[in-house]
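*Asks:* Residue numbers (this note's numbering): 5 to 214. Glycine included, C-beta positions come from ideal geometry on N, C-alpha and C.
(1) By Cβ distance below 6 Å, which residues in the same chain neighbour residue 121 in space, the five residues on each side in sequence not counted?
(2) Give a yes or no on whether the C-beta atoms belonging to residue 210 and residue 39 are separated by under 7 Å.
(3) State the CB to CB distance for the pair residue 265 and residue 181, rounded to an integer number of angstroms; the pair is presumed to be in contact (CB under 8 Å).
(4) Within the chosen definition, does the segment 105-121 reach the segment 167-180 through at least 3 CB pairs nearer than 8 Å?
(5) Considering only the beta carbon of each residue, do residue 128 and residue 106 sit closer than 7 Å?
(6) Which same chain residues end up closer than 6 Å to residue 201 when comparing Cβ atoms and leaving out the 5 residues on each side of it in sequence?
(7) May I have the straight-line CA-CA distance separating residue 144 from residue 137, to the nearest angstrom?
(8) From residue 22 to residue 94, what does the alpha carbon distance come to, in whole angstroms?
(9) Hey, out of 159, 8, 9, 16, whose CA is closest to residue 135's CA?
(10) Figure out for me which residue from 20, 10, 168, 79 has the closest Cα to the Cα of residue 140.
(11) Which residues in the same chain have their Cβ closer than 6 Å to the Cβ of residue 66, if we skip the five residues on either side of it in sequence?
(12) What is the rounded straight-line gap between the Cα of residue 192 and the Cα of residue 184?
(13) Assuming residue 40 is part of the beta strand (DSSP E), what are its boundary residues?
(14) Mind checking whether residue 48 and residue 79 have CB atoms under 7 Å apart?
Written out as C-alpha cells, the structure reads:
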C-alpha cells in the first residue's frame, strides 16, 4: 500500500480532529450500505469544473468541491453552478497555501479571507499539510475534511489507467475520495473519473456529499 494514495495511521494522527474516513452506513439504515464521499480540490475553473458537473449530473451524484477562493472570486459563475447543482462547497484557503510553510497567523488569515467568498463550515488543507496549532484553531470554526483515497490524478507520472487503478485498489466503504478539477489533472481526469464512477457503481457503492 502506498502512503500517497491512502494516508497511513501516523499521518492521520498529525491532523487532530481531521476526518479521513466516514461511516459507510448511516445510523438507523436498514442493512449494510457502501457509501463513498467524492470530493474535488483546487477549482473552480471554467475549463474543467462544468465538465465535472455534467458528468455528475449524468449519474445523479452529489459531491463536495473544496475551492481555492481566488478561483471562486475570478469565476463566480462557475462557483454558482456548483451550488445550483446541489453540491457542497468547502474552503481550500484563498491562495492554496501549505500550512507547514507559513506562519499560523498568515494561514488563518488566508482561510478567513477565503471564507468571505465561500461561506462554508468545511475545510481541507492544500497538500494535506497543516501545523497542529493551525488544526486546533480551525476546528473551532470548521469541520476539517481530509481523505482516505488520493487518486493522484494531478501527477504527470501517472496515466489515466493508473489513476483508475488507484481507485480500484484503494476504494473501500466510507472512503473520502479526492479528484481535482484542475488543468493539471485534466489529461487523466477526463478518462479516469467516468471509469471510476462506473466501477464504483458496479461494485454497489453509493455517492454522498459531506
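*Replies:* According to the structure data:
(1) In the chain shown, the residue the question calls residue 121 occupies position 117. Residues 73, 76, 77 of the same chain have their beta carbon placed closer than 6 Å to that of residue 121, with the five preceding and five following residues left out of the count.
(2) Translated into positions along the chain shown, residue 210 becomes position 206. Translated into positions along the chain shown, residue 39 becomes position 35. Yes. Within cutoff.
(3) Nothing about residue 265 can be reported from this structure: the residues present for the chain run from 5 to 214 only.
(4) When Cβ pairs closer than 8 Å are counted between the two stretches, the segment 105-121 is seen not to touch the segment 167-180, the count staying below three.
(5) Locating residue 128 in the chain shown gives position 124, counting from the first residue. Locating residue 106 in the chain shown gives position 102, counting from the first residue. For the 7 Å CB-CB criterion, residue 128 and residue 106 do not form a contact.
(6) Sequence index remark: in the chain shown, residue 201 carries index 197 (1-based). Apart from the 5 residues on each side of it in sequence, residue 201 sits with its Cβ closer than 6 Å to the Cβ of 63 in its chain, given in chain order.
(7) Walking along the chain shown from the start, residue 144 turns up at place 140. Walking along the chain shown from the start, residue 137 turns up at place 133. Roughly 12 Å between the two C-alpha positions.
(8) By 1-based counting over the chain shown, the position of residue 22 is 18. By 1-based counting over the chain shown, the position of residue 94 is 90. Cα-Cα distance, rounded: 14 Å.
(9) Numbered from its first residue, the chain shown carries residue 135 at position 131. Comparing Cα positions, the closest option is 16.
(10) Sequence index remark: in the chain shown, residue 140 carries index 136 (1-based). Of the candidates 20, 10, 168, 79, the residue whose Cα lies closest to the Cα of residue 140 is 20.
(11) As a working note, residue 66 is residue 62 in the chain shown. Only 90, 91, 213 meet the Cβ criterion.
(12) Taking the first residue of the chain shown as position 1, residue 192 is located at position 188. Taking the first residue of the chain shown as position 1, residue 184 is located at position 180. So the alpha carbons of these two residues sit roughly 10 Å apart.
(13) Sequence index remark: in the chain shown, residue 40 carries index 36 (1-based). Here the beta strand (DSSP E) through residue 40 covers 38-45.
(14) To locate residue 48, count along the chain shown from 1; it is residue 44. To locate residue 79, count along the chain shown from 1; it is residue 75. For residue 48 and residue 79, yes; Cβs fall inside 7 Å.
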